[in-house]
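**Student:**
Chains as they are written, first to last, in the numbering used here: chain A, 19 to 631; chain B, 520 to 739; chain C, 113 to 596; chain D, 60 to 371.
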């Protein structure tokens, strides 16, 4: 952490070269970009480690605890390796390890059929993504003398457009798979929820960011931007990912699943920023490209902070109430003040409320979108500002989504005995969450302390002097607003002295019970109805009537949502492969004479080939 | 010129034709024993050929090779095959998957094909065309027998014919390889036939039949 | 003398071990013989390192390439022998299937393989390769079960036919050499041929012809698709140590033979033709094998197909040529042999424990046999080319070579099939490993030797994955020099 | 001097907010041939409520009581963004309107939470419906403001105001038309007036905003009522500032400053009466027609943005 902060401020690379030992050049260099992500990793890693210290001892014992403590640091280390690597080999080494270790960590919680299936999909998609990444690295080869980053950077300039495009697309797909942009997000909601909470915090908070890092490395550092349609592609990906992510999140009742989907959404937001930056670069509007990039990176950091905070909160909740189904929670804020407050801060940040960190990134992003209208190309001038609308829509739905989460899970009456008997979690957990929450608020009120260093990072990537003042105004205003709101609240609080606790008005009924509260499904119903097109949910309502009609004994409502991507994209591919394999299998007839025939045919074919080659 | 030269010249000139005849007869043969006999005849022809060459080229090594051929291919292997057949007490039928007529026609076709195939090489390498053709024909014929005959023994015989083809090729092109190599190849051949005989017995014991086309437990 | 020793030890061992009736003695003899052989190999390799090429008589020679493969044999042999101690406890007594027969045949097999590597003459080479088939056919059919006999028979016939073509090719090369004025007596000596190679260009067509036949012939033995048909049967039905030997030694041995021809051909008529052939076979092999791995049901067949796939990768490496490609190919040969033998060993344990290799019937391995499962996991991670294991490096090298030669199609095919393989192995193994433990009739107890074997394999894989020792790299370099 | 005016205008907004709702109520009463309550009635109500006791449901926790404070504080802060008397404001800066929109979101978010803390199903109903409206209203609101901002080449409210002031009345580009349309629709939705929501109903089938504050009483209720009144006024002031700012003190001359308040109040009254007319002449929409209503707003906003690019 110290190291990270140090070279983050000093910015000059400290490099470590182990090439002597390894068959391939294996070097680590920390330039500003890596330093920033290093900082991000540590900023999340430290609290998570603190959290897991007591989490592990509560949940695991013996071998499991040991393996947890073995794998968790290794996992962090692999991510550090990824962001600090300065040769392709080192990068890929860390990249693959990262996948494997995370899978191992997930496995610690057991290996039921479903879990294994999810991990299977996770690993498979990661492997495919890694293949794309490897390819995008190796595509540099004909032009770069070796695969260390400096020479790749140098080579990128001289490469033909086609190759550059290929590299861009490959890295887009490869890192997109890791980042979980639609339609490569399939694994994310499968893998994150089943991991132990600290691990899912790391996966969502940090691991996804390594993909962002990789993408930025390639597109901005190596390739230095490209034609305008790259930007549009990324923008499109971001918009679709963001919208679908938050819409899927809205319908979930499992806390961690919901958070996983909201990670998808936030990745989408980050990609929006990156896309805008690319568009600006294509138009040579470097200053604003810088704003967009800074916004994206800042949002990456913020998301790392509040998403890990939320996942830790989820972990605390499952500790206290032994469930993650928010339909069974409620009233937790009363019973777990610290956790609840921290979680509330997390919610406020993730929906981008001012005075919380989530807002700063989004504001800069919106600001840059508006600035897009100044661009000469009509298409940019229309598309970028409209993206602001998309971002606002995402934000609006996010408000609904997290109002639901917090309102149902932490407020009102407990909906189950477990929730009623929930108690505050261990101190170290509280401290961990408080730290994260504090950092969220701090960045939210004084964004300057993150924006200015990030400007330095962006400057290194874009080679432009500095941000336009228009984009910095926020960091001056927010403290004032914070002060203003604070003062007003204190003043107002003075008005209300007397307070009397009474039962909630029950429309004359004897008393309200928890069944009468609004459920999570009910809460999200209006929005689900509005966007029903997206969900393609198949619903079933079983009404069980007692002897007479009109007074049903029980009404069972089930709504199954399978994302259409799984059905329309992945299934067919897998089926195709399996079919091909089974056909090939038939060729292995078991009849030796046929085998001999194969040999003779091969021979004849080659002889013919020889005659014509 | 003496009688022997005449004989040698005749042997060299006409051996190819004889080889083709043996092949055609093999194709039409219904019984395994016939094929074995034909094989030994075939080998004998080759032996004669080598003797002729040895006489023409005055090389001692060639005589030894000829002796080996007679010893191994004309006598030993056919004898071994007959023994195996006797011990197996299995039916004589070659169990062809093609009718006799079809086989003969295919064989003829293969012979023509071989002529067509070797033409360019024979020109460039200044080789005796029909002997080279014979070599290739033997190769193809062996392959054909292995693919089309279902009996394990016939596979062995097909393999031997194929081997003969290679042998003839070596002979016609380079007047034989270095002696040591030749001997080694013969040894291998002998071992191979021995082993295959062993396996034939094992097949018989474990499967109660010798139809290799029915050995289809392992697939996929 | 060094070289003669290499041949003498296994030959005598084969005879001696046959004489000792009770199995314990046989085992002892075998172990000591194995130790001797390994020492002899080490000695030979050392000599070669110190003074380039070893020659004894007209027919025995060893150079850098040989040294590399010899090392490979020595390693695998020692592993296999160590593993066989534990394995042979379960061997059912039969007419020919008793420990002494097993060891005798194994040493015969080793003898032939040694002969292949040491023969200085391509004719000899052919003879020896053929005799490896003969020696191993009996081992494949060792158990005399229906499957074993069938596999043995197919192996014997298919390989003999294939090898016959190789002989034809050899003769064609011989012819070419003689025609271009090389002394007929030494016209099959590969050293001589290498020197004469530039002058062989005149008879280009003939050289091509010979290489086609040789590629098909030895390709059959290597297991290139479509000549691979014998391979899964043989690997699946042979006793497990032998499966390891086949996969980790025999295939390499055939590959070695092909490499000799390839270098000569390349020197004679340029590498374009032969390498194209190798690339064709390589890509065909990896794609087909990868697809077939998806639908396998038997563990050892699965491993066999993976061997085919890896032979394909090696062929691609050679076909791409260049220092990187060749280096990667050789390194991959070594890595693959280690990883694959590890996996076969684990497969053997599984067989002994569950009494079956049907992957559907196996579950709860992780709980019922943790160490073997660990071995399996390590092995499979290595096999699919994950860091920090050696194959990651060699595959990365080959990919690098492919990209820097801008052979994009091949690179893509390689990557796709690697992903498919990954999916296939993951799919099969997660089923076997996970789940609750099942009670099995015979509970397998691992001997220290088994642990040692698996430990050594794992260690080697990891070491080669993070850092190639200087001595080893040096050895590889020497082999490379021979190939270029 | 400037700062002083900024503060004054913010306070003015806060102060006359109740009056606005009074005016609207009075106007509606008149249209229904009632005499209606006095214009100052809302002030009296607030005073009464502040004197009362603060009832808190047994299920609720601290957040329930915190909510009104937050809501009020945020809304008042938001009021400090709007140019009323002259084209600048306390927190005027580049991109301030984005901040304004998000500030309002804070209040809404906490109001939802507070409602759900009550533990009755009414709170849930209200929150869920409010969630729907706000989720869909935010985008068009932002887009409409952006379109005007683009047109004025100044990404701040004061900039927009200046730009409009300097043009001749009734001589505005199409963008203004679309933007105005969008903003009006959104304003209706945001402030919870008919046809989206009916502030004077307590029927669970229809109420949104009322349902959320059902559990509140005493000072808390007062704060919420006041805050929503401020919000209404604020948005009206926004409309006035952006679309009919004429009469604002563009120069620092005393006369201009003296006139400005009266002009503003006149405009405000007119707008209030307009609202009353709309409310008493249109029926409330079904809940699930609100998305269409806001969809129209979004369409207009998108057109507005598109036209800024097409018409330059």
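For every residue, glycine included, the Cβ atom is placed at its ideal position computed from N, Cα and C. What you are looking at is a predicted structure, and each value in this text was computed from that prediction instead of being measured.
In whole angstroms, give me the CA-to-CA distance for residue 453 (chain A) and residue 185 (chain C).
**Tutor:** One alpha carbon belongs to residue 453 (chain A), the other to residue 185 (chain C), and they sit about 59 Å apart.
**Student:** Count the other C-beta atoms from every protein chain shown that fall within 10 angstroms of the C-beta of residue 425 (chain C), then say buried if there are 16 or more, exposed otherwise.
**Tutor:** buried
**Student:** Within 10 angstroms of its Cβ, does residue 393 (chain C) collect 16 or more other Cβ (buried), or is it exposed?
**Tutor:** buried
**Student:** Work out the CA separation of residue 90 (chain A) and residue 478 (chain C) for me, nearest whole Å.
**Tutor:** 21 Å
**Student:** Identify the contact partners of residue 129 (chain D) in chain A, using a Cβ-Cβ distance below 7 Å as the criterion.
**Tutor:** 507
**Student:** Starting from the C-beta of residue 535 (chain B), find all residues in its chain whose C-beta is less than 6 Å away, skip the five residues before and the five after it, and write them out in chain order.
**Tutor:** Exclusion of the five residues before and after residue 535 (chain B) leaves 649, 650, 653 as the residues of its chain whose Cβ lies within less than 6 Å of its Cβ.
**Student:** If you draw a straight line from the alpha carbon of residue 191 (chain C) to that of residue 625 (chain A), how long is it in whole angstroms?
**Tutor:** 41 Å
**Student:** Starting from residue 548 (chain C), trace the beta strand (DSSP E) both ways and give me its first and last residue.
**Tutor:** That residue, residue 548 (chain C), is in no beta strand (DSSP E); it is neither H nor E in DSSP.
**Student:** Taking DSSP as the reference, what is the three-state secondary structure of residue 166 (chain A)?
**Tutor:** strand
**Student:** Per the contact definition of three or more C-beta pairs closer than 8 Å, is the stretch 89 to 105 of chain A in contact with the stretch 155 to 167 of chain A?
**Tutor:** yes
**Student:** List the residues that DSSP assigns as beta-bridge partners of residue 114 (chain D).
**Tutor:** DSSP, once it has assigned bridges, lists A:518 as partnering residue 114 (chain D).
**Student:** At a Cβ threshold of 7 Å, is residue 723 (chain B) touching chain A?
**Tutor:** no
**Student:** Residues of chain B with CB closer than 8 Å to the CB of residue 243 (chain C), please, in chain order.
**Tutor:** 707, 710
**Student:** What is the rounded straight-line gap between the Cα of residue 398 (chain C) and the Cα of residue 381 (chain A)?
**Tutor:** 52 Å
**Student:** List, from N- to C-terminal side, the beta strand (DSSP E) runs of 3 residues or more that fit wholly inside the stretch 473 to 518 of chain C.
**Tutor:** none
**Student:** Round the Cβ separation of residue 287 (chain A) and residue 260 (chain A) to the nearest angstrom and send it over; I've been treating them as touching at under 8 Å.
**Tutor:** 5 Å
**Student:** Please state if the CB of residue 660 (chain B) and the CB of residue 687 (chain B) are separated by a distance shorter than 7 Å.
**Tutor:** At the C-beta level, residue 687 (chain B) and residue 660 (chain B) stay beyond 7 Å of one another.
**Student:** Three-state secondary structure (DSSP) at residue 257 (chain A)?
**Tutor:** DSSP places residue 257 (chain A) in helix when its eight states are reduced to three.
**Student:** Cβ of residue 391 (chain A) less than 7 Å from any chain D Cβ?
**Tutor:** yes
**Student:** In three-state terms, what does DSSP make of residue 21 (chain A)?
**Tutor:** With a pLDDT of 48 at residue 21 (chain A), under the threshold of 50, the modelled position of this residue cannot be trusted, and the question is left open.
**Student:** On the three-state DSSP scale, how would you describe residue 573 (chain A)?
**Tutor:** strand
**Student:** Could you check where the beta strand (DSSP E) with residue 167 (chain C) kicks off and where it finishes?
**Tutor:** 166 to 168
**Student:** Measure the Cβ-Cβ separation of residue 241 (chain D) and residue 360 (chain D) and say whether it is below 7 Å.
**Tutor:** yes
**Student:** Check residue 260 (chain D) in the structure and name its three-state DSSP category.
**Tutor:** Shown here, residue 260 (chain D) sits in coil according to DSSP, grouped into three states, outside any helix or strand.
**Student:** Going by the CB atoms, is the gap between residue 285 (chain D) and residue 105 (chain D) shorter than 7 Å?
**Tutor:** yes
**Student:** Would you call the stretch 138 to 150 of chain D and the stretch 113 to 120 of chain D in contact, with 3 or more CB pairs under 8 Å?
**Tutor:** No, the stretch 138 to 150 of chain D is not in contact with the stretch 113 to 120 of chain D.
**Student:** Among C:261, C:240, C:199, C:270, which has the Cα closest to the Cα of residue 706 (chain B)?
**Tutor:** C:240
**Student:** Determine, using beta-carbon pairs with one atom in the stretch 420 to 431 of chain A and one in the stretch 525 to 542 of chain A, whether at least three such pairs fall under 8 Å.
**Tutor:** yes
**Student:** Quick check on residue 26 (chain A): does DSSP put it in helix, strand or coil?
**Tutor:** Its pLDDT being 44, under 50, residue 26 (chain A) is placed unreliably in this model, and the coordinates cannot settle the point.
**Student:** Quick one: give me the first and last residue of the beta strand (DSSP E) that residue 47 (chain A) is part of.
**Tutor:** 45 to 48
**Student:** Taking 7 Å as the cut-off, decide whether the C-beta atoms of residue 118 (chain C) and residue 156 (chain C) are in contact.
**Tutor:** yes
**Student:** Can you tell which of B:658, B:610, B:708, B:656 has its C-alpha closest to the C-alpha of residue 669 (chain B)?
**Tutor:** B:610
**Student:** Kindly list, in the order they appear in chain D, the residues whose Cβ is closer than 7 Å to that of residue 16 (chain A).
**Tutor:** Since the displayed chain A opens at 19 and closes at 631, residue 16 (chain A) lies outside it and no answer follows.
**Student:** Between residue 611 (chain A) and residue 480 (chain C), what straight-line distance do the alpha-carbon atoms span, to the nearest angstrom?
**Tutor:** 43 Å
**Student:** Which residues in chain A sit within 7 Å of residue 499 (chain C), going by Cβ to Cβ distance?
**Tutor:** 111, 114, 115
**Student:** Could you spell out where the beta strand (DSSP E) holding residue 172 (chain C) opens and where it closes?
**Tutor:** 172 to 174
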